[in-house]
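Below: the structure, in structure tokens.
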Amino acid sequence: MKSLLWIRWTLGLLLLCTADADSGRKPNFVFMMVDDLGIGDLGCYGNTTLRMPNIDRLTLEGVKLTQHIAAAPLCTPSRAAFLTGRYPIRSGMAAHGRMGVFLFSASSGGLSQEEITFAKAVKEQGYSTAIIGIADHCHHPNSHGFDYFYGTIMTHLRDCQPGHFLYGHIPYKIIGLVSLALLHIKGMIAVTRRVVFGFLVLVGLVVSLFGVLVYTFPNLNCFVMRGPEIVEQPYTSDNLTQRMTSEAKEFLERNSERPFLLFFSFLQVHTGLFASPLFRGRSQHGLYGDAVMEVDWSVGQIMQTLERLNLKENTLVYMTSDQGPHLEEISINGEMHGGYSGIYKAGKSTNWEGGIRIPGILHWPGVLPAGKVIDEPTSNMDIFPTVLNLAGASIPSDRVIDGHDLLPLLQGQVERFEHEFMFHYCNAQLNAVRWHPPNSNAIWKAFFFTPDFYPENSSACFHTHICLCIKPYVTFHDPPLLYDLSKDPTESTPLSPDTEPQFYSVLEVIRAAVSHHAESLKPVPVQVSPLQIVWKPWLQPCCSSLSQLCTCERDHQIEKLRNELQKE
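According to mature numbering (1 follows the signal peptide of the UniProt record, and there is no 0), the stretch in the sequence shown is residues -21 to -1, 1 to 547, in order.
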């Protein structure tokens, strides 16, 4: 057996060296991450009603990971983990309160510059690096190793869509109930007119400030940057994917003669759905399906560009999502705008499988086998060490790296991967643990607490728009809920001492792993605290002036797109 593994390992190295020798340079990297895409949205993962020929082709020619896990069920911490190969709790990108993501562009929090991203590591190896799309780890991407940036420093929110915020979000009911309560009290006890008048003035002031915030939100938070310059504020989302695809193609063309890393981080299919006129109305699933089809088109454009530039055989392509779909997302017209988790339970913001099991597709002709399917547990944190090893960079030794090099698994050099334990955090709270014991097919998963769904018979949290990690929105379990995902991937039936003889011994091993993991954590400044994520006027990016509401339009991609439409 050892000799067989040695032969596989040698053959893998020969394949990799042959690819490098043929190209005469280090491999390139193209990473494509879709925001809030559900694993059940893709045809290669079982969807039969959405047409995605380009992503399907990518899968047929590459490797598909069926148990690819996001390091967090929310965008900000998941993306931080993806960039650094570390659990977000280690970098301070896990919140200790209710809010776990950035909501304002003028926030002071963000991924610490002491963290090493894969972009920063390969840049030192002579790579040209770019991020196009969302840079949702706050702070400018230039600070984290990306030479070129075109996109937004905020997740695309529904507030960036005209008419999608104000009237639906003003707390009329609360204001009305408080007013009625005060009037009721006035009838029972003596309340002076001055008190009533003061209360009404206070309510009016709060509503006015809220209205100003809502009115200015798109201008202050919804802008596109090219490098350090804002080129559109507020942005028009309908053609953003086409513009970003054009930027990605131009980056590939500019850097076709040198090694590069391109991270294409789609704004779609996050809340505030949009699709260009070319794709609107083309799917069976409304605007959400239209947006997914546009993403597929963009993937095809990137792959065609690589092929045209003769870069396909020397480029590792990776496609994924940042976490599961947002099941609670409903448009202002009452249309469901969330994705599909397939057979898996729940979605975004939860550590049920539907919230963290994401697409994982890797493509590299001549180096990775075509059509291979891998069921081993893997993580989006594994991209970090994989990239560094391929680029010739050293894995940092001064910090814990939680990811592992994927290449031996992808090439079949090993059949079992190195993730024996995975720790699933809900913000900064350890929510669940996955254990894949050596010499066993079992995949145990223990939950220490679970979100309270509303309605109770659903698998979402419609009362809070997203499931939360804090009391009173969760239920704690002692002993923890235990599942064997190898037999129950839908997490429908928790095990008990009566149904599973190893119940207590499994939990004992998991608790010991938790203790060992906790010892590896070091205190770091929390970057997603209320003080860090609150809006700070002095940090507000603005391309004109506040009196002009920071309005501008000077993106050459807009004019380029207009000219192309006129030719058609």
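For glycine and all other residues, C-beta sits at the position ideal for the given N, C-alpha and C.
With contact defined as three or more Cβ pairs closer than 8 Å, the stretch 43 to 55 and the stretch 476 to 486 are not in contact. The three-state reading of DSSP puts residue 366 in helix, counting H, G and I together.
Beta-bridge analysis with DSSP links residue 217 to no other residue. Counting the other Cβ atoms within 10 Å of the Cβ of residue 228 gives 16 or more, which makes it buried. When secondary structure is reduced to three states using DSSP, residue 68 falls in the helix class. Out of 135, 58, 516, 198, the CA that lies nearest to the CA of residue 531 is found in 198. Counted as a single uninterrupted DSSP element, the beta strand (DSSP E) harbouring residue 403 occupies residues 400 to 405. In the displayed model, residue 109 falls within a strand according to three-state DSSP.
Around the beta-carbon of residue 523, fewer than 16 other beta-carbon atoms lie within 10 Å, marking it exposed. Boundaries of the alpha helix (DSSP H) harbouring residue 482: 482 to 498, taken from the DSSP string. Straight-line spacing of the CA atoms in residue 88 and residue 123 works out to 14 Å. Between the stretch 66 to 82 and the stretch 396 to 409 there are three or more inter-stretch CB-CB distances shorter than 8 Å, so the stretches are counted as touching.
Assigned with DSSP and collapsed to three states, residue 187 falls in helix.
When the alpha-carbon of residue 265 is set against those of 243, 222, 314, the nearest one is in 314. It is roughly 34 Å from the alpha-carbon of residue 233 to the alpha-carbon of residue 376. Cβ neighbours of residue 357 within its own chain (closer than 8 Å, five residues either side excluded): 44, 46, 47, 48, 339, 385, 388, 396, 398.
Look at residue 351 here: in three-state DSSP terms it is strand. Bounds of any beta strand (DSSP E) do not take in residue 527, whose DSSP letter is neither H nor E. When C-alpha distances from residue 318 are compared across 305, 12, 105, 428, the shortest belongs to 305.
Cα atoms of residue 126 and residue 102: separation of roughly 8 Å, rounded to the nearest angstrom. Residue 179 counts as exposed, since fewer than 16 other C-beta atoms from the protein chains shown sit within 10 angstroms of its C-beta.
Put simply, the backbone Cα of residue 85 is about 8 Å away from that of residue 513.
The beta carbon of residue 269 is closer than 7 Å to those of 254, 258, 259, 260, 261, 262 in its chain, skipping five residues each way along the sequence. When DSSP states are grouped into helix, strand and coil, residue 448 belongs to the coil group.
In this structure, the beta-carbon distance from residue 520 to residue 204 falls below 9 Å. Contact check for residue 96 against residue 63 passes: the beta carbons are separated by less than 9 Å. The beta-carbon distance between residue 195 and residue 528, rounded to whole angstroms, is 6 Å. This is short enough to meet the 8 Å contact definition. Per DSSP, the beta bridge partners of residue 130 are 112, 204. Counted as a single uninterrupted DSSP element, the alpha helix (DSSP H) harbouring residue 280 occupies residues 265 to 287. Looking at the backbone, the Cα of residue 451 and that of residue 430 are separated by about 9 Å. A check of alpha carbon separations from residue 461 across 412, 434, 320 identifies 412 as the nearest. With a threshold of 16 other beta carbon atoms within 10 Å, residue 455 falls short and is exposed.
Taking 8 Å as the upper bound for CB-CB distance, residue 129 and residue 223 are in contact here, some 7 Å apart. Spatial neighbours of residue 173 in its own chain (CB-CB distance under 7 Å, excluding positions within 5 residues in sequence) are not present. The DSSP-derived three-state label of residue 77 is coil. Nearest to residue 487 by C-alpha distance, out of 336, 425, 300, 433, is 425.
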